[in-house]
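Down below is the structure, laid out as C-alpha cells.
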Ligand code: 5CA
Ligand code: ZN
C-alpha cells in the first residue's frame with residue numbers, strides 16, 4: 002500500500018540519550034538496544050471509520066519512539082498494517098450499503114491525511130491484509146504442516162485454528178491469568194464457543210468462505226485470514242525475528258499481541274517475537290471511553306475541518322503520558338493552543354535563553370519512557386524565560402525550534 006508523506010527531521014547538536022521504554026512482557030521499563038537499524042511494528046487501523054483521537058494518540062506515542070531512535074543515529078525500519086478485511090469493515094459496509102473495498106480505501110486515505118497533518122513519520126512499509134493474503138496462506142499452511150494448527154471438524158466451514166499451546170510460551174507477553182484471558186478473548190474478537198475447537202482460547206487463522214462474504218482462493222481452500230496472523234506475517238516477512246518494538250494500544254495486549262507473538266514464535270521456532278511489547282493507554286472523552294456506541298468519538302479530520310491547528314492536537318495528546326488512560330477535553334485543546342502560541346513566539350524571537358540545557362532536558366525526559374509531560378514543561382520554562390526579553394543568546398531560538406521539531410515532532 003502507499004504510505005504517507007515524510008518530512009525532513011533536523012539533526013540536533015549535543016548528546017542523544019538511549020531510549021528506555023516500558024515492556025509489557027517484563028512489566029518494567031528497560032533499555033531499547035537496537036542495532037544500526039531499529040525495527041518497529043505498530044498495529045494499524047481497521048479502516049471502517051475515521052481516525053479518532055485515541056488512534057492518533059497511539060501513533061503519536063510510537064512516532065516519539067521513532068524520533069528518539071533517529072536522534073540516536075539509528076536507521077528505523079518501521080512497518081504498519083491496515084486491517085483492510087475483517088468483520089467490522091464488512092458490518093459497517095453492510096449497514097451503510099457501502100462497498101467494503103471502497104469504504105476501506107476512503108478511510109485509509111483520510112488516515113494518511115490525518116497522519117501527515119499531525120506530522121507522524123510514515124512507516125517504510127505500509128501493508129494491507131488483503132495484499133498479504135498469499136504470505137498469510139503460506140504461513141498458515143506451514144503451521145498446519147508443523148502441527149501447530151488444525152482444522153475444525155466441519156465439512157461445511159473447515160476453518161483453521163491455532164493451537165495456543167503450540168509454543169509452550171503462551172501468556173509470556175500479557176502475563177494474564179486464565180480468567181482474564183478468557184474475558185478479553187471473548188470481548189475482543191475471539192470465538193470461545195466455536196464448535197470443534199480443541200480449546201476455547203484457540204484463535205482463528207483461516208476462515209473458510211461463508212456465503213455472501215468476500216473470500217480468496219488458496220491452497221487452504223477459499224476463505225479469508227484471521228486477525229492475529231495478519232500482523233505476525235506482515236511483521237516477520239519484513240523485519241524478521243526479533244523486532245525491537247511491537248506496539249499498539251493497550252486494548253491489543255490480549256489476545257492480539259499474545260497471539261501474534263505465539264504465531265511468529267511457532268513459525269520460526271525462535272523467541273521472543275519482540276524485545277519490547279509497548280502499549281499506549283486509552284483515550285476517553287470527558288471521562289467516558291470513546292466508543293462508537295456512545296457516539297462520543299472526536300475525529301482528527303473533524304478538528305482539522307474546524308481549522309484546529311494540528312500542532313495543537315499533537316501537543317494536547319502529548320500533554321499526558323502515553324501509559325496513562327486519560328480524557329480529551331476542550332480545556333486540553335485550549336491549553337494546547339495557547340502553548341503552541343507561546344512556543345511559537347519564543348522560537349520567533351531574535352534572541353532567547355540558552356537552549357542547550359533545554360535540549361538536554363528534552364532528551365533526558367523523552368528517553369525516560371517518553372515522559373512527555375516533563376518534556377513539555379521544560380519547553381514551557383524555556384519559552385517563559387525567553388519571553389522576558391532579557392535573554393541574549395542569538396542561537397537559542399533556532400536550536401529550540403530544531404529540537405522541538407526533531408524530538409517532539411512539533412513544527413512551529
Ligand atoms: N487493525 C487493528 C490492529 S491490527 C486495530 O486494532 N485497529 S483499530 O482501528 O481498532 O485501532 C488502531 C490502533 O489504535 C490500535 O493500535 C489500537 O490499539 C489503538 N486504539 C484504539 N482505540 C484507542 C483509544 N481509545 N485510545 C488509544 N488507542 C486506541
Ligand atoms: Zn495488529
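Numbering (our numbering), first residue to last: 2 to 413. In this text, a Cβ means the ideal position worked out from N, Cα and C, and glycines have one as well.
Quiz item: Alpha carbon to alpha carbon, what distance is there between residue 138 and residue 219?
Solution: For this step, residue 219 is matched to residue 218 along the chain shown. For this step, residue 138 is matched to residue 137 along the chain shown. In a straight line, the C-alpha of residue 219 is about 7 Å away from that of residue 138.
Quiz item: Helix, strand or coil: which one does DSSP assign to residue 283?
Solution: Here residue 283 refers to the residue found at position 282 of the chain shown. Here residue 283 sits in coil by DSSP.
Quiz item: Mind checking residue 180: buried by the 16 CB within 10 Å criterion, or exposed?
Solution: Sequence index remark: in the chain shown, residue 180 carries index 179 (1-based). Exposed.
Quiz item: Does at least one heavy atom of ligand 1 sit under 6 Å from the Cβ of residue 84?
Solution: Working through the chain shown from its first residue, we reach residue 84 at position 83. Flag set: Cβ of residue 84 near ligand 1.
Exercise. Give the range of the beta strand (DSSP E) segment to which residue 329 is assigned.
Key: Within the chain shown, residue 329 is the residue found at index 328, counting from 1. 327-329 is the extent of the beta strand (DSSP E) around residue 329.
Practice problem: Please look up how many angstroms separate the CB atoms of residue 278 and residue 24, rounded, as I've assumed it's under 8 Å. | Solution: If you number the chain shown from 1, residue 278 lands on position 277. If you number the chain shown from 1, residue 24 lands on position 23. Indeed they touch by this definition, with Cβ atoms about 6 Å apart.
Quiz prompt | Check: residue 56 C-beta below 6 Å from any heavy atom of ligand 1 | solution = Position 55 of the chain shown holds residue 56. True, at least one ligand heavy atom lies under 6 Å from that Cβ.
Quiz item: So what does residue 41 bridge to, in DSSP terms?
Solution: Stepping through the chain shown from its first residue, residue 41 is reached at position 40. Beta-bridge pairing links residue 41 to 79 and 246.
Practice problem: Could you tell me whether any non-hydrogen atom of ligand 1 is closer than 6 Å to the CB of residue 115? | Solution: Translated into positions along the chain shown, residue 115 becomes position 114. No, Cβ of residue 115 sits at least 6 Å from all heavy atoms of ligand 1.
Practice problem: Spatial neighbours of residue 266 within its chain, please: CB distance less than 8 Å, with the 5 preceding and 5 following residues excluded, ordered by chain position. | Solution: Numbered from its first residue, the chain shown carries residue 266 at position 265. Excluding positions up to five away in sequence, the list reads 168, 170, 272, 273 and 274.
Quiz prompt | residue 237: CB within 6 Å of a non-hydrogen atom of ligand 1 | solution = For the purposes of this step, residue 237 is taken as the residue at position 236 of the chain shown. It does not: the Cβ of residue 237 is nowhere closer than 6 Å to a heavy atom of ligand 1.
Practice problem: Could you tell me which residues DSSP puts in a beta bridge with residue 353? | Solution: As a working mapping, residue 353 is identified with position 352 in the chain shown. Looking at the DSSP assignment, residue 353 forms a beta bridge with 394.
Self-check item: Simplified DSSP assignment, three categories, for residue 135
Solution: Counting from one through the chain shown, the residue named residue 135 turns up at place 134. In this structure, residue 135 counts as helix in the three-state DSSP scheme.
Quiz prompt | Inter-residue CB distance, residue 22 and residue 141 (contact presumed, cutoff 8 Å) | solution = The residue labelled residue 22 in the question sits at position 21 within the chain shown. The residue labelled residue 141 in the question sits at position 140 within the chain shown. Going by Cβ atoms, the distance from residue 22 to residue 141 rounds to 32 Å, so no, they are not a contact pair.
Exercise. Give the C-beta separation of residue 175 and residue 284 to the nearest angstrom, bearing in mind that I take them to be a contact with Cβ-Cβ under 8 Å.
Key: To locate residue 175, count along the chain shown from 1; it is residue 174. To locate residue 284, count along the chain shown from 1; it is residue 283. Wrong, their Cβ atoms sit about 21 Å apart, outside the cutoff.
Practice problem: Quick one: residues with CB closer than 5 Å to any heavy atom of ligand 2, in chain order, please. | Solution: 44 and 232
Quiz item: Which residues does DSSP pair with residue 151 in a beta bridge?
Solution: Sequence index remark: in the chain shown, residue 151 carries index 150 (1-based). According to DSSP, which records beta bridges pairwise, residue 151 is partnered with 162.
Exercise. Examine ligand 1 and report whether any of its heavy atoms sits within less than 6 Å of the Cβ of residue 59.
Key: Here residue 59 refers to the residue found at position 58 of the chain shown. Yes, the Cβ of residue 59 comes within 6 Å of a heavy atom of ligand 1.
Self-check item: As assigned by DSSP and simplified to three states, the class of residue 72
Solution: On the chain shown, position 71 is the one that residue 72 refers to. Of the three classes helix, strand and coil, the one that applies to residue 72 here is helix, per DSSP.
Quiz item: With distances taken between CB atoms, is the gap from residue 299 to residue 56 smaller than 7 Å?
Solution: On the chain shown, position 298 is the one that residue 299 refers to. On the chain shown, position 55 is the one that residue 56 refers to. Not closer than 7 Å, so no.
Quiz item: Per DSSP, residue 29 is paired with what?
Solution: The residue you call residue 29 lines up with position 28 of the chain shown. Answer is 24, bridged to residue 29.
Self-check item: Residue range of the unbroken beta strand (DSSP E) whose run includes residue 316
Solution: Within the chain shown, numbered from 1, the residue matching residue 316 stands at position 315. Segment 311-319 is the alpha helix (DSSP H) holding residue 316; no beta strand (DSSP E) there.
Quiz prompt | CB contact flag (residue 408, residue 68, <7 Å) | solution = Within the chain shown, numbered from 1, the residue matching residue 408 stands at position 407. Within the chain shown, numbered from 1, the residue matching residue 68 stands at position 67. Contact: yes.
Quiz item: For residue 281 versus residue 62, is the C-beta distance shorter than 7 Å?
Solution: Locating residue 281 in the chain shown gives position 280, where the first residue counts as 1. Locating residue 62 in the chain shown gives position 61, where the first residue counts as 1. Result yes, Cβ atoms of residue 281 and residue 62 sit closer than 7 Å.
Quiz item: Pairing CB atoms from the stretch 355-362 with CB atoms from the stretch 302-320, are three or more of them under 8 Å?
Solution: no
Quiz prompt | Identity of the residues DSSP links to residue 129 by a beta bridge | solution = Translated into positions along the chain shown, residue 129 becomes position 128. In the DSSP output, where bridge partners are listed per residue, residue 129 has 83.
Practice problem: Would you kindly report the start and end of the unbroken beta strand (DSSP E) that includes residue 96? | Solution: On the chain shown, residue 96 is found 95 positions in, with the first residue counted as 1. No beta strand (DSSP E) holds residue 96; the alpha helix (DSSP H) holding it covers 88-96.
Self-check item: Cβ-Cβ separation, residue 47 to residue 90 (assumed contact under 8 Å), whole Å
Solution: Counting from 1 along the chain shown, the entry for residue 90 is found at position 89. Counting from 1 along the chain shown, the entry for residue 47 is found at position 46. So it is a contact: roughly 6 Å between Cβ atoms.
Exercise. State yes or no: is the C-beta of residue 284 nearer than 6 Å to some heavy atom of ligand 1?
Key: Numbered from its first residue, the chain shown carries residue 284 at position 283. Checking the Cβ of residue 284 against ligand 1 gives yes.
Quiz item: Who pairs with residue 300 in a beta bridge, going by DSSP?
Solution: Within the chain shown, the letter at position 299 stands for residue 300. In the DSSP output, where bridge partners are listed per residue, residue 300 has 53.
Quiz item: Taking 6 Å as the cut-off, is the CB of residue 46 close to at least one heavy atom of ligand 1?
Solution: Looking up residue 46 in the chain shown gives position 45. Yes; taking the cut-off as 6 Å, the Cβ of residue 46 has a heavy atom of ligand 1 nearer than that.
Quiz item: Hey, residue 344 and residue 413: beta-carbon distance below 7 Å or not?
Solution: Mapped onto the chain shown, residue 344 falls at position 343. Mapped onto the chain shown, residue 413 falls at position 412. Yes. Within cutoff.
Self-check item: Nearest neighbour of residue 327, chosen from 184, 242, 87 and 374 [CA to CA]
Solution: Counting from one through the chain shown, the residue named residue 327 turns up at place 326. Checking every option, the nearest Cα to that of residue 327 belongs to 374.
Self-check item: Between the CA atoms of residue 116 and residue 379 - distance to the nearest angstrom
Solution: As a position in the chain shown, residue 379 is number 378, starting the count at 1. As a position in the chain shown, residue 116 is number 115, starting the count at 1. Each residue's alpha carbon lies about 26 Å from the other.
Exercise. Throw me the rounded Cβ distance for the residue 128 and residue 2 pair, which I believe falls under 8 Å.
Key: In the chain shown, the residue the question calls residue 128 occupies position 127. In the chain shown, the residue the question calls residue 2 occupies position 1. Indeed they touch by this definition, with Cβ atoms about 6 Å apart.
Exercise. Say yes only if the C-beta of residue 253 is nearer than 6 Å to one or more non-hydrogen atoms of ligand 1, and no if none qualify.
Key: The count along the chain shown starts at 1 and reaches residue 253 at position 252. Yes, the Cβ of residue 253 comes within 6 Å of a heavy atom of ligand 1.
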